[in-house]
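Going by our numbering, the sequence shown opens with residue 16, and the numbers climb by one from there.
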Amino acid sequence: MRRNDRARDAAFSLSLIDRCTHGVMALSTGEDTPYCLPLSFVREGNALYFHCALEGRKVDLLRRNPRVCVTFVGRDQPALEQPANFTTYYQSAIVTGFAEPLTAPEEKRRALELLCRRLLPQYMDGGLFERGLASLPRTGVWKITIEQLSGKEKAPKPGR
């Protein structure tokens, strides 16, 4: 990291991940052009979870090379600092890790429950989540084990 004064600790980074509704995952295509896509994630401990279809470009790429990088962005606020310095205040966290598909139905169910509780908690009661599990055999669920984590922030100076 070039600007060490903006580096933040793991607690900051994990807290930011937990506040974000999505991250952008970068995958290797094995060619000159990487493949990046936004996904909804949930974190538990040292793992991120996401769901997807059972087949498609993302799944093909992950099966060929499970190394991924996921970026989360919190505050993103363009600003003018006087006298004429344009900048952006931001918070970010970057995860690198290893993705693997969950195959055991109980693991998939647990990860989907975490995702739903995180993103749509109002629909967890009344059996709606349980009825949605009928699609479990047709749903891919992946776990990313966090290997490296870094956080960064540029915040307004006090009084601005």
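For every residue, glycine included, the Cβ atom is placed at its ideal position computed from N, Cα and C.
Asked, Found
"To the nearest angstrom, how far is it from the Cα of ASP33 to the Cα of ASP91?", "16 Å"
"Could you give the residue range of the beta strand (DSSP E) that holds ASP91?", "82-96"
"Buried or exposed: which applies to VAL110, given that a residue is buried once 16 or more other Cβ atoms fall within 10 Å of its Cβ?", "buried"
"For SER114 versus CYS84, is the C-beta distance shorter than 8 Å?", "A small fix is needed here, since residue 114 is Ala in this sequence, not Ser. For ALA114 and CYS84, no; Cβs fall outside 8 Å."
"Let me confirm a value: SER107 is counted as buried when at least 16 other C-beta atoms fall within 10 Å, else exposed. Which label applies?", "buried"
"When DSSP builds the beta bridges, which residues end up paired with LEU54?", "GLY38"
"Tell me whether the beta-carbon of LEU76 lies closer than 8 Å to the beta-carbon of THR44.", "yes"
"Should ARG58 be labelled buried (16 or more other beta-carbon atoms within 10 Å of its own) or exposed?", "buried"
"With DSSP collapsed to three states, give me the class of PRO49.", "coil"
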